[in-house]
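Per our numbering, residue 2 is the first one in the sequence shown, and the count goes up by one each step.
Don't be surprised by glycine CBs; every beta carbon is placed ideally from N, CA and C.
Read through the structure below, which is laid out as structure tokens, and then see the notes.
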Amino acid sequence: MTGNILIQSLKDITDQEISINKFIGTQNKEDFYKKAAHRRDDHYLFIFQKKGRSTVMIDFKEVALIESAVLCVLPGQIHYGVTANNDTEAWLITLDTNFVEEDYRRIFDDYYFQNAPITISTLESTPLDDSIELLASIVRNRHPLDFMPQVIHSLISACVGMFASAYRRQENREVPLSRTHLLTQQFKRLLLQQFKTHKTTSAYATSLNITPAYLNDAVKQTTGLTVSFWIQQTIIMEAKRLLYATNASVKEIASQLGFTDHAYFTRYFSHAEGQSPSRFRRNSRK
């Protein structure tokens, strides 16, 4: 391990821009659910579990998928499989970011901090299963269609759209988003881009052309938590990834995250996690 987290490209997995694998608990646990934990992907991973029970680790949080459910793992998140029951059946789709439309990306990005699977009904799972099965067949057999790229792109868009629909349904989008919700979404997207340089409420408020008090009120009203909390959570999560997946020193990690004083970073991390960066590294690698 080096000072930077190794990036696993989709090209390391396949010579195509999409990889589709069917997971069956009695046959291939090691093949699909076990993954090198010291890397992160430059692509999306979509999991559609048809039935059974499985658990995956995403950014140090164990996530359980029970029966029929979907889960999107975003580029950059550290993840690996933990367990899967023998009766588990699932599709695992790794997909180049270019295939995920901007509207869909925004929906998945809104769940960046939650990492929660979405339970789906038979009414939703049946067409999703059929669509993925068809897409997998075309990709696998390289059918001699005249418009193969267009067909594949359309099927991918349909599948991803069904994932996005399941996620969006959780937000009760029948009710138009309020100004506070829209501001919170804008803040969180900006946070993921600028957390290494922007570490105060006022910095984000300035970028959004509003007052710090208004931004904090909007975020707290929407999430129940302050802007400072979300800034801290984002910084700490990236610090955990670097501590876990690299051999960079605490001082080097502090610098990567925009801290000029590594002693202050150590106090910052320790206050948030109840343990020092060094101890987290030791414990997380056991």
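Mind checking who residue i pairs with in its DSSP beta bridge?
i     : result
PHE47 : CYS73, ILE94
GLU68 : Answer is none; GLU68 lacks a bridge partner.
ARG56 : Going by the sequence as given, residue 56 is Thr instead of Arg. In DSSP, THR56 forms a bridge with ALA65, THR84.
ASN22 : LEU93
Beta-carbon separation of residue i and residue j under 7 Å?
i      : j      : result
ALA91  : ILE48  : yes
GLU68  : LYS52  : yes
LEU244 : LYS197 : no
HIS80  : ILE94  : no
THR56  : THR84  : yes
ILE119 : TYR45  : no
LEU192 : THR235 : yes
ILE237 : ALA206 : no
ARG54  : ASN87  : no
Exposed or buried, residue i, counting other C-beta atoms within 10 Å across all chains shown (16 or more means buried)?
i      : result
GLY26  : buried
LYS241 : buried
ALA65  : exposed
ASN116 : buried
ARG282 : buried
PRO278 : buried
PHE50  : Reading off the sequence shown, one finds Gln at residue 50, where the question assumed Phe. It is buried - the Cβ of GLN50 has at least 16 other Cβ atoms within 10 Å.
SER126 : buried
ASP104 : exposed
GLU175 : Any reading at GLU175 needs caution, since the residue's pLDDT is 49, under 50, leaving its predicted position unreliable; the model's value is listed next. So GLU175 counts as exposed.
THR247 : buried
task: Output the residue ranges of the alpha helix (DSSP H) runs that lie fully inside the region 90-159 and measure 4 residues or longer, sorted by chain position.
output: Segments of the alpha helix (DSSP H) lying fully in the region 90-159: 103-110, 123-142.
- prompt: Can you find at least 3 beta carbon pairs, one from the region 180-188 and one from the region 203-218, that sit closer than 8 Å?
  reply: Verdict: yes, contact present.
Any 3 or more C-beta pairs closer than 8 Å across the region 120-137 and the region 74-82: In short, these stretches do not touch, since the Cβ pair count stays below three.
task: Decide if the region 219-233 is in contact with the region 248-266; the criterion is three or more beta carbon pairs, one per stretch, under 8 Å apart.
output: With a cut-off of 8 Å on Cβ pairs, the region 219-233 is not in contact with the region 248-266, counting fewer than three such pairs.
task: Evaluate the contact criterion for the region 98-108 versus the region 161-170: three or more CB pairs, one atom per stretch, below 8 Å.
output: Verdict: yes, contact present.
- prompt: Can you list the alpha helix (DSSP H) stretches of 4 or more residues lying completely in the region 185-237, in chain order?
  reply: If we require 4 residues or more, the alpha helix (DSSP H) runs fully inside the region 185-237 come out as 202-208, 213-224.
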